[in-house]
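Below: one structure, written as structure tokens.
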Amino acid sequence: MIAEDSVLLRIGVVKVLETAGFEVVAEADDAEGLLRAVEEHRPDIAVVDVRMPPGFTDEGVRAALVIRKQWPDTAVLMLSQYVEERYAAELLATNTSGVGYLLKQRVADVEEFIEALRRVAAGGTALDPQVVAQLLVRRPSDPVGRLTEREREVLALMAEGRSNAGIAVQLVVSESAVAKHINNILAKLDLPRAEGDHRRVLAVLRFLGVSG
Amino acid sequence: MTRSEGRPGRRARLTAQAAFLSTGVLLHGAAFLLWVWFSLTVVYAPGVAVAPLLFATAGATSVTWLQRRRFATYADTDIPHTPPVKAPDAFRRARGRLRTAAYWRHLGYHQLAGPVLGAVEAVALVLWVGSIGGITYYAWYWMLPRRWAFVQWSDGSGWKMGVVGLVVLPFLPRLTGALLHLESVIARRLLGPSRAEELARRVEDLAERRAETLAAADAERRRIERDLHDGAQQRLVSLAVNLGLARATLTDLPPEARAVIDEAHREAKEALEELNHLVRGLHPHVLDDRGLDAALSGIAARAPLPVQLAVDVPERAAPAVEAVAYFVVSEALANVTKHARASRAEVTVARAGDTLRVRVVDDGRGGADPSGGTGLTGLTHRVASVDGTLAIDSPRGGPTTITVELPCTLPSAL
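Line by line, the protein sequences are chains C and H. Here the working numbering is used: the first residue of the first sequence is 8, the next is one more, and so on. Here the working numbering is used: the first residue of the second sequence is 373, the next is one more, and so on.
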């Protein structure tokens, strides 16, 4: 399921999705069409543009909130020209599972995009690094300031929704090193220990002041 | 003020003068009758004396309008409007009007100067009618009933009237002209705006026009942002996506071809990044949607140095003011990055009453001078465009603090 008003980009995303073995059951070019299609097809995941007709503001975000509320089995991946942490926060405030929010140009990094898509479809979280950077800007510096440079990087990747393995690949270190960093972070930030990818994200986000 | 068609002909001028005098007698006569009514009621029925007073106060505005029409039509004199009282309903408008000096000047014109002017006009009118009547007496006396024909051919008084009329008539146009001029001067003084009111009105006009200009510039920025967003950006994204797809799927290409695709892919993404930066600088749409708080984290996060952001704006400011505040932070952080050699910066935005205070602090080397760089000059201008102030505290060696204060509302239009 994809909702995007730019035809060019919609074609591109559909191609990417099909290459990755997803089946695209419906396409929509506005929020109303999106909601109708979700009701009809109940897809595993909806890829939604933030800015859509008729208002070209945040129709996508509002539609995504409706989807998450009415059809919790449908995950939502938002795509946006610019990521705004406020939109992400609105999405995440209710539920962090099955939610993603990425810059449109991330689609161009096909493998990463597909990985994020799978993660979200499976109930995980995918946040654009820019969203995470914007979240970090807002926090009182003290606790985050206590982290080392490396720990901040790991925290940012955690907030994006990556697993230990994913972080290890990204930073080119071993998984056990990542686990050690994460333990340090959780300890320094007084975050509750949690299992599973998205609950970890929830903890991070709560710390960053987004949800809970 | 003269009309553009040039001077009216002699006969037209005389007609206009006559019309001016008669309408004057009518309008001022009405005021005079109000006085008569008032005097009589005061003496014989004091309780009813309120009625003529009410008539006078309530009618003043319409009579002012009539007088303005009269001067414009017959005396070629445009009396400038006094600033209208703005209020949501008629009752409050009327009440507000009673509090203006202009209203009482108008009333003074109608009720005090009016009867006197009316009397003078009546005399002038009588002179006109009388002298013309005297000169032409023998042409129409036979139409009068016998007993009204008090002037007889035989005793010669008809001749005398004709002679008096002939002597007086040549002076009348000039006399009426002088009266007209005098009345115009008085009317302009009493019915038109005073110097202070005129200035106040001018300032209001200018403020309105400036607000319109600002809004137009703002709308233009938004339009450009929208055009880029719907056009170039989408195409670039789609190009990057296709190149990414090619990179991911075409695995059996010769290494040279792969390298070219890789390069194109990277460049497309970089171009997109640059375009995003440019468009954001114009006017981010999240600023419209969610306000300053939401929009600023974007700039703060993209600055190449750690930026601490605190925004406390419980109530949104006018769109143009928000746009200026956004621009201030964006430009200030760009300056910090370019010149300050700072290791970190802090941005606070807070609303205190009707003032939006924006502070950008860095720990750089200081020495920022608004007269030096174009960046700070542009900033000062942009801040001044909404009546804001900008203060820079930047001793050599640092740190630098830029404080901008913006009024949250703009006069009208926005």
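A virtual CB, placed ideally from N, CA and C, is assigned to each residue, including glycine. It should be emphasised that the depicted structure is a prediction, and the values quoted were computed from it without experimental measurement.
Give a yes or no on whether 8 angstroms exceeds the smallest Cβ distance from residue i to chain C.
{"i": "arginine 662/H", "result": "yes"}
{"i": "glycine 653/H", "result": "no"}
{"i": "proline 656/H", "result": "yes"}
{"i": "valine 609/H", "result": "yes"}
{"i": "leucine 617/H", "result": "yes"}
{"i": "valine 721/H", "result": "no"}
{"i": "valine 613/H", "result": "yes"}
{"i": "histidine 637/H", "result": "yes"}
{"i": "arginine 375/H", "result": "Residue placement at arginine 375/H cannot be trusted, given a pLDDT of 46 that sits under 50; the coordinates are not used to answer."}
{"i": "threonine 621/H", "result": "yes"}
{"i": "threonine 773/H", "result": "no"}
{"i": "alanine 714/H", "result": "no"}
Considering only C-alpha positions, which residue in the set the options is nearest to residue i?
{"i": "valine 238/C", "options": "Ala27/C, Val211/C and Ala210/C", "result": "For residue 238/C there is no data in the structure shown, the boundaries of chain C being 8 and 219."}
{"i": "aspartate 36/C", "options": "Phe29/C, Val45/C and Thr101/C", "result": "Val45/C"}
{"i": "alanine 618/H", "options": "Arg630/H, Val609/H and Leu608/H", "result": "Arg630/H"}
{"i": "arginine 58/C", "options": "Glu91/C, Arg49/C, Pro79/C and Arg206/C", "result": "Glu91/C"}
{"i": "arginine 729/H", "options": "Ala682/H, Ala740/H and Gly769/H", "result": "Ala682/H"}
{"i": "leucine 788/H", "options": "Val721/H, Arg567/H and Ile507/H", "result": "Limits of chain H in this structure are 373 at one end and 786 at the other, which puts residue 788/H out of reach."}
{"i": "alanine 459/H", "options": "Arg467/H, Val408/H and His453/H", "result": "Arg467/H"}
{"i": "serine 669/H", "options": "Ala690/H, Tyr416/H, Val632/H and Thr720/H", "result": "Thr720/H"}
{"i": "leucine 142/C", "options": "Gln680/H, Trp514/H, Glu493/H and Thr387/H", "result": "Gln680/H"}
{"i": "glycine 747/H", "options": "Val557/H, Gly760/H, Asp665/H and Ala706/H", "result": "Ala706/H"}
{"i": "alanine 402/H", "options": "Asp590/H, Gly486/H, Thr387/H and Arg582/H", "result": "Gly486/H"}
{"i": "proline 676/H", "options": "Arg638/H, Asp602/H, Ala588/H and Ser715/H", "result": "Ser715/H"}
{"i": "serine 610/H", "options": "Glu11/C, Met8/C, Ala10/C and Gly19/C", "result": "Gly19/C"}
{"i": "alanine 388/H", "options": "Ala447/H, Arg607/H and Ile671/H", "result": "Ala447/H"}
{"i": "valine 21/C", "options": "Lys187/C, Asp80/C and Leu124/C", "result": "Leu124/C"}
{"i": "alanine 787/H", "options": "Trp531/H, Ile451/H, His657/H and Ala583/H", "result": "Outside the shown range of chain H, which is 373 to 786, sits residue 787/H, and nothing can be said about it."}
Between residue i and chain H, is any beta-carbon pair separated by less than 8 angstroms?
{"i": "threonine 101/C", "result": "no"}
{"i": "glutamate 92/C", "result": "yes"}
{"i": "leucine 198/C", "result": "no"}
{"i": "glycine 219/C", "result": "A caution first: glycine 219/C carries a pLDDT of 44, below 50, which makes its placement in the model unreliable, though a value can still be read off. Not one chain H Cβ lies under 8 angstroms of glycine 219/C."}
{"i": "lysine 195/C", "result": "no"}
{"i": "alanine 186/C", "result": "no"}
{"i": "serine 13/C", "result": "yes"}
{"i": "aspartate 37/C", "result": "no"}
{"i": "glutamate 167/C", "result": "no"}
{"i": "arginine 58/C", "result": "yes"}
{"i": "valine 83/C", "result": "no"}
{"i": "lysine 111/C", "result": "yes"}
{"i": "aspartate 135/C", "result": "no"}
Does any heavy atom of the ligand NAP sit closer than 7 angstroms to the C-beta of residue i?
{"i": "glutamate 160/C", "result": "The ligand NAP is not part of this structure, which contains no ligands at all."}
So, at 6 angstroms on beta carbons, what are the nonlocal neighbours of residue i in its own chain, with the 5 sequence-adjacent residues on each side left out?
{"i": "lysine 641/H", "result": "Ala612"}
{"i": "glycine 219/C", "result": "Because glycine 219/C sits at a pLDDT of 44, beneath the cut-off of 50, its placement in the model cannot be relied upon, and the following sentence gives the value as read from the coordinates. Same-chain partners within the cutoff: Arg213."}
{"i": "tyrosine 481/H", "result": "Leu562 and Leu563"}
{"i": "valine 14/C", "result": "none"}
{"i": "valine 139/C", "result": "Ala163, Ala166 and Glu167"}
{"i": "aspartate 684/H", "result": "Ala722"}
{"i": "valine 457/H", "result": "Arg465, Gly468 and Arg469"}
Near residue i, which residues of its chain fall below 8 angstroms by C-beta distance, leaving aside the five closest residues on each side in sequence?
{"i": "leucine 42/C", "result": "Ala70, Val73 and Ile74"}
{"i": "valine 420/H", "result": "Thr413"}
{"i": "proline 686/H", "result": "Arg723"}
{"i": "valine 536/H", "result": "Ser503 and Gly506"}
{"i": "threonine 781/H", "result": "Ala689, Ala690, Val693 and Asp726"}
{"i": "leucine 659/H", "result": "Ala666, Ala667, Glu694, Ala695 and Tyr698"}
{"i": "leucine 544/H", "result": "Ala496, Leu499, Trp500 and Ser503"}
{"i": "methionine 165/C", "result": "Ile174, Ile189, Ile192, Arg207, Val208 and Val211"}
{"i": "serine 87/C", "result": "Asp56, Val57, Arg58, Gly67, Tyr94, Tyr108, Leu109, Leu110 and Lys111"}
Who are the Cβ neighbours of residue i in its own chain at under 7 angstroms, not counting the five residues just before and after it?
{"i": "glutamine 439/H", "result": "Leu399, Ala559 and Leu563"}
{"i": "proline 771/H", "result": "Val733, Asp734, Asp735, Gly736 and Gly738"}
{"i": "alanine 384/H", "result": "none"}
{"i": "alanine 474/H", "result": "Thr454, Pro565 and Glu569"}
For a contact defined as C-beta to C-beta under 7 angstroms, what are the partners of residue i on chain D?
{"i": "glycine 670/H", "result": "Included in the structure are the protein chains C and H, with no chain D among them."}
Do residue i and residue j have their CB atoms nearer than 8 angstroms?
{"i": "glycine 736/H", "j": "arginine 768/H", "result": "no"}
{"i": "leucine 654/H", "j": "glutamine 605/H", "result": "no"}
{"i": "leucine 479/H", "j": "alanine 432/H", "result": "yes"}
{"i": "valine 755/H", "j": "valine 708/H", "result": "no"}
{"i": "alanine 163/C", "j": "proline 136/C", "result": "yes"}
{"i": "threonine 81/C", "j": "threonine 103/C", "result": "no"}
Which runs of the alpha helix (DSSP H) fall wholly inside the segment 473-523 of chain H and span at least 4 residues, in chain order? 473-480, 486-507 and 509-512
*Starting from the N-terminal side, write out each stretch of the beta strand (DSSP E) that is 3 residues or longer and does not extend beyond the segment 652-699 of chain H.*
For the segment 652-699 of chain H, whole beta strand (DSSP E) runs of length 3 or above, ordered along the chain, are 679-684.
Return the chain-ordered ranges of every alpha helix (DSSP H) run that is complete within the segment 93-159 of chain C and spans a minimum of 4 residues. 117-128, 136-145 and 148-152
- Curious, which full-length beta strand (DSSP E) runs of at least 3 residues does the segment 697-782 of chain H contain? 717-724, 727-734, 761-765 and 772-779
Identify every run of the alpha helix (DSSP H) within the segment 32-106 of chain C, keeping only runs that are complete inside it and at least 4 residues long; order them along the chain.
Runs of the alpha helix (DSSP H) lying entirely within the segment 32-106 of chain C and spanning at least 4 residues, in chain order: 38-48, 66-77 and 92-101.
*In chain order, each alpha helix (DSSP H) run of at least 4 residues that lies wholly inside the segment 419-449 of chain H*: Entirely contained in the segment 419-449 of chain H, the alpha helix (DSSP H) runs reaching 4 residues are, in chain order, 422-446.
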